[in-house]
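What follows is a set of notes on a single structure, which appears directly below.
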Amino acid sequence: MFVELIRLTVTGVIWRSDWATGLDIHFTLSESDVLVARPGNRFSLSSDLRQQTLGQEPTAIELVDYEYVKKLPCEPQKLLVDVREPNELEESGQIPTSINIPLAQVCQELVASKQIFECNYGRKRPELDTEIIFHCRSGKRSLQAAEVAVALGFRNVKNYEGSWLDWAKNEGLSS
Numbered sequence: 189m190f191v192e193l194i195r196l197t198v199t200g201v202i203w204r205s206d207w208a209t210g211l212d213i214h215f216t217l218s219e220s221d222v223l224v225a226r227p228g229n230r231f232s233l234s235s236d237l238r239q240q241t242l243g244q245e246p247t248a249i250e251l252v253d254y255e256y257v258k259k260l261p262c263e264p265q266k267l268l269v270d271v272r273e274p275n276e277l278e279e280s281g282q283i284p285t286s287i288n289i290p291l292a293q294v295c296q297e298l299v300a301s302k303q304i305f306e307c308n309y310g311r312k313r314p315e316l317d318t319e320i321i322f323h324c325r326s327g328k329r330s331l332q333a334a335e336v337a338v339a340l341g342f343r344n345v346k347n348y349e350g351s352w353l354d355w356a357k358n359e360g361l362s363s
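Encoded structure:
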């Protein structure tokens, strides 16, 4: 799959296509507002995130492994996000300390207000420099989620390459 991410200017457009839902996401940046537009859904990025987003350069997505993720319960300042659908978690299980934000909701949830995020997940909404590690079943959807986070301006984004399949294998669980 070819993914294209274009950053034109601070008052330009960020565009990413060919993500999991097949929709295009357009981020229009201006000094007064940042909008995320999807067919039938338009919402504003909260003002505190907006101020941190303007003028930032794209960020590389680092890959992490089982040993890295295994240590996360001792590092509560980091956010582990499982982007699988809820029924997948019910069938197979969940990595300890992870929160579930299905891939189709990642963009919306990462730009939600601090109060809404905390109410939904029992955790503080990540700041743009918070370390966020995404995972899914095999690492493909989590990479897409990581790309969305980077496009939103998050600067410390990682992808658990082996994701649940690697975790289950190393923990002796059925996948």
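Just add 188 to wherever you are in the sequence shown, counting from 1, and you've got this note's numbering. The beta carbon of each residue, even a glycine, is placed where N, CA and C say it ideally should be. From a predicted model like this one, the values you see are computed outputs, not experimental measurements.
Top-ranked residue by Cα proximity to residue i, from the options
i      : options                           : result
ASP270 : VAL336, ASP354, GLY360 and ARG325 : ARG325
ALA248 : LEU361, VAL336, ALA356 and SER301 : VAL336
CYS295 : TRP352, SER351, LEU340 and GLY360 : LEU340
GLY310 : LEU277, ASN288 and GLN293         : ASN288
GLU349 : SER330, SER362, LEU361 and ALA300 : SER330
LEU361 : LYS312, ARG313, VAL257 and ILE283 : ILE283
Cβ neighbours of residue i in the same chain (closer than 6 angstroms, five flanking residues each side left out)
i      : result
ASN358 : TYR254
ASP317 : ARG343 and ASN344
PRO227 : Legend: pLDDT at PRO227 = 34, less than 50; position of this residue unreliable, no value from coordinates given.
LYS346 : GLU250, VAL252 and ILE321
GLY210 : Note that GLY210 scores a pLDDT of 45, beneath 50, so its modelled location is shaky and nothing firm can be said.
GLU297 : ILE289
Counterpart residues of residue i in DSSP-defined beta bridges
i      : result
LYS346 : GLU250 and ILE321
ASP270 : ASN288 and HIS323
Beta-carbon proximity of residue i to residue j, cut-off 8 angstroms
i      : j      : result
LEU267 : ILE320 : yes
ALA356 : SER280 : yes
PRO290 : GLU315 : no
Close beta carbons around residue i, own chain, < 8 angstroms, minus the five adjacent residues each side
i      : result
THR285 : LEU260, PRO261, PRO264 and LEU268
GLN239 : The predicted position of GLN239 is uncertain, since its pLDDT is 45 and thus under 50; no value can be drawn from it.
SER351 : HIS323, CYS324, ARG325, SER326, GLY327 and SER330
ASN308 : GLU297 and ALA300
GLU306 : LYS312 and ARG313
VAL257 : LEU268, ILE283, ILE321, HIS323, TYR348 and TRP355
ASN275 : none
Cβ neighbours of residue i in the same chain (closer than 7 angstroms, five flanking residues each side left out)
i      : result
LEU277 : ASP270 and ASN288
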